[in-house]
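The structure under discussion appears below in the form of structure tokens.
Right, here's the structure in full:
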């Protein structure tokens, strides 16, 4: 099984320690049974000394078996911890394009369902491993007691394993179907929450979403769960039935055909019964292991970036850069309908400290250009230079560290810090709260934002403060003023942009506010993926055309 193989590869020493302890506990269990057979079942050996030795064996077995199971649990939980933490780190290291391509529902489904299935599996892993090893040790002991009865037991056990294998194959198919349904259900959960306002305003849409989209997937999940549980019940009860049959047949063959003495038959029966509990538990644990196998493959199929423990590469770009240059940059990605939107080859130079406005209609490529500029999208062709240093895959992460941003889908982080992860002075925080008119609306303690449940415009101001406190040299603002009231929109263009410039920022702002275009030092426009430089008159013409929908 791939999960056990991965544990072995990652934790070989701990794996062998656990294996040895489990094998030892199985041996002690057999030694205890042997002692019962050889001493306690013979009248002349029934004395206090024999009982004392027996109790000592039981006590040692208890300690060793418990330690083995605890070690196995630790090993399993360590694997889950590593998988969970590495998965999140791989998300952080993945390109934004990868995250968007995979989709939020699939990633969240893996974080919730697949990681949980691994966790459940490893709570059952001790049962599986101990059951397998105990069965091995008990089988060796049965050979010593009676080879004939061992063969009978082995044949019946083989029948049990074959039957269980058949059921497990069916079970595995149910788990795969169930896992696929989880992705769809996760998507519907998000739709119910993200589209809640629209669904409340249109009960017919809400009803169709509920009945035609959600209910069929929920029913599929329910039916596959029932199917999986049914296979599980059949597998467990088949195992129990075979084990009970083994006990009866052992006594029958021993008495009827004199294959073993009554005391040996009793010992063999006790051995089988001793084996029954861990073996049944192992069979019961197998579905959880199969489900974790499906979850592990789902995690692997996501195609996230490879895991790297460090956050910081070896490359550093000059902090006092003077120009960022895009040479013949193009970018293309598929959209709905099989068509492709693309940025045409773009040449653009940004000088340190300047304020640049990018204008253009919806779907013209403005946001795509900003993502390429920030290094979040990798260009299809062309080159980016910081001064004379070409940006490649090796130094692209260092390039991203030049930027702070407030995109349209921004996120509010509670922790306030500067660009190198250090705490920000309280005076700086208070200054920006005052500039953004949030001093009486936002509560901050120990550099953490305690209340971010504000209006969208106020949240955007808060996002601007977070970005500004990072003290990066270039700031991208994607239609930042769109959610501001007219009064604060004026504050943004007339007060905040000059403030950012005075603090040394190069500002790259996407804007539709032709009333404030004169606050830009440069104007550039996007139309159908083509970039052009504009003077102020040209910017007015473009803005007028946009307002007419041209």
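Numbering (the numbering used here), first residue to last: 77 to 626.
Glycine included, every Cβ here is placed at the ideal spot set by N, Cα and C.
Keep in mind the model is a prediction, meaning the values are calculated, not measured.
In angstroms with no decimal places, state the Cα-to-Cα distance between residue 372 and residue 144.
Their Cα atoms are separated by approximately 25 angstroms.
Closest by CA to residue 160, which one among 92, 148, 187 and 517?
Looking at the Cα atoms, 187 is the closest of the given residues.
Applying the criterion that 16 or more other CB atoms from any shown protein chain within 10 Å of the CB defines a buried residue, is residue 370 buried or exposed?
With 16 or more other Cβ atoms within 10 Å, it is buried.
At the level of alpha carbons, what is the spacing between residue 546 and residue 155?
Approximately 35 angstroms, taken between the alpha carbons.
Is it true that the region 381–393 meets the region 462–474, where meeting means three or more beta-carbon pairs spaced less than 8 angstroms apart?
Short answer: they touch.
Tell me, please, whether the region 426–444 touches the region 588–598 by the rule of three or more beta-carbon pairs shorter than 8 angstroms.
Judged by Cβ distances under 8 angstroms, the region 426–444 makes contact with the region 588–598, as three or more pairs qualify.
Please state whether DSSP places residue 414 in a helix, a strand or coil.
In this prediction, residue 414 has a pLDDT of 48, which is less than 50 and means its spatial position is unreliable; what the coordinates show is noted afterwards. Correct three-state label for residue 414: helix.
Would you identify the three-state DSSP class for residue 551, choosing helix, strand or coil?
In this structure, residue 551 counts as strand in the three-state DSSP scheme.
Figure out for me which residue from 262, 109 and 103 has the closest Cα to the Cα of residue 349.
Out of 262, 109 and 103, 109 has the C-alpha closest to the C-alpha of residue 349.
Could you tell me which residues DSSP puts in a beta bridge with residue 427?
According to DSSP, which records beta bridges pairwise, residue 427 is partnered with 399.
In whole angstroms, give me the CA-to-CA distance for residue 460 and residue 399.
Roughly 11 angstroms between the two C-alpha positions.
So what does DSSP say about residue 460, is it helix, strand or coil?
DSSP places residue 460 in strand when its eight states are reduced to three.
To the nearest angstrom, how far is it from the Cα of residue 627 to the Cα of residue 180?
With the chain covering 77 to 626 only, the question about residue 627 has no answer from this structure.
Are the region 434–448 and the region 378–385 touching by the rule of at least three beta carbon pairs closer than 8 angstroms?
They do not touch, by the three-pair rule.
Among the candidates 137, 158, 162 and 509, whose CA atom is the shortest distance from the CA of residue 387?
Nearest C-alpha to residue 387: 162.
Of the choices 343, 189, 353 and 335, whose alpha-carbon is the least far from that of residue 225?
Comparing Cα positions, the closest option is 335.
Based on the DSSP output, what are the partners of residue 603 in its beta bridges?
Partner(s): 606.
Which residues does DSSP list as the beta-bridge partners of residue 419?
According to DSSP, which records beta bridges pairwise, residue 419 is partnered with 407.
Here's the rule I'm using: 16 or more other beta-carbon atoms within 10 Å means buried, otherwise exposed. How should residue 189 be labelled?
Buried, because 16 or more other Cβ atoms sit within 10 Å of the Cβ of residue 189.
Please name the residue in 425, 542 and 497 whose C-alpha comes closest to that of residue 514.
Of 425, 542 and 497, the residue nearest in Cα terms is 542.
According to the Cβ coordinates, are residue 538 and residue 488 closer than 8 angstroms?
Cβ distance < 8 angstroms, so residue 538 and residue 488 count as in contact.
Between the C-alpha atoms of residue 458 and residue 602, what's the straight-line distance to the nearest angstrom?
Between residue 458 and residue 602, the C-alpha separation is close to 18 angstroms.
Does residue 574 pass the burial test, meaning 16 or more other C-beta atoms within 10 Å, or should it be called exposed?
Residue 574 is exposed by the Cβ-count criterion.
With 16 other CB atoms within 10 Å as the buried threshold, where does residue 412 fall?
Low confidence applies here, because residue 412 scores a pLDDT of 49, under 50, leaving its location unreliable and the question unanswered by this model.
Would you identify the three-state DSSP class for residue 481, choosing helix, strand or coil?
Note: residue 481 maps to strand in three-state DSSP.
By DSSP, does residue 469 sit in helix, in strand, or in coil?
Correct three-state label for residue 469: coil.
Among the residues of its own chain, which have a CB less than 7 angstroms from the CB of residue 439, if the five just before and after it don't count?
Answer for residue 439: no residue qualifies.
What's the C-alpha gap between residue 401 and residue 408?
When rounded, the distance between both Cα atoms is 20 angstroms.
What would DSSP say about residue 522, mapped onto helix, strand or coil?
Note: residue 522 maps to coil in three-state DSSP.
My guess is that residue 441 and residue 419 are in contact by the Cβ rule of under 8 angstroms, so how many angstroms apart are they, rounded?
The Cβ separation is near 5 angstroms, so the contact holds.
When the Cα of residue 579 is compared with those of 362, 605 and 551, which residue comes out closest?
Ranking 362, 605 and 551 by Cα distance to residue 579 puts 551 first.
Between 456, 477 and 396, which has its C-alpha nearest residue 406's C-alpha?
Closest option to residue 406, Cα to Cα, is 456.
What residue does the beta strand (DSSP E) around residue 584 start on, and which one ends it?
Where residue 584 is concerned, the enclosing beta strand (DSSP E) stretches over 582–586.
CA-CA distance, residue 43 and residue 269?
The requested residue 43 does not occur in the structure, where the chain is confined to residues 77 to 626.
Tell me, to the nearest whole angstrom, how far the beta carbon of residue 340 is from that of residue 221; I am working on the premise that it is less than 8 angstroms.
Indeed, because the Cβ distance is near 5 angstroms, the residues count as touching under 8 angstroms.
Taking a contact to mean a Cβ-Cβ separation below 8 angstroms, would you say residue 428 touches residue 451 in this structure?
The answer is no: Cβ separation not under 8 angstroms.
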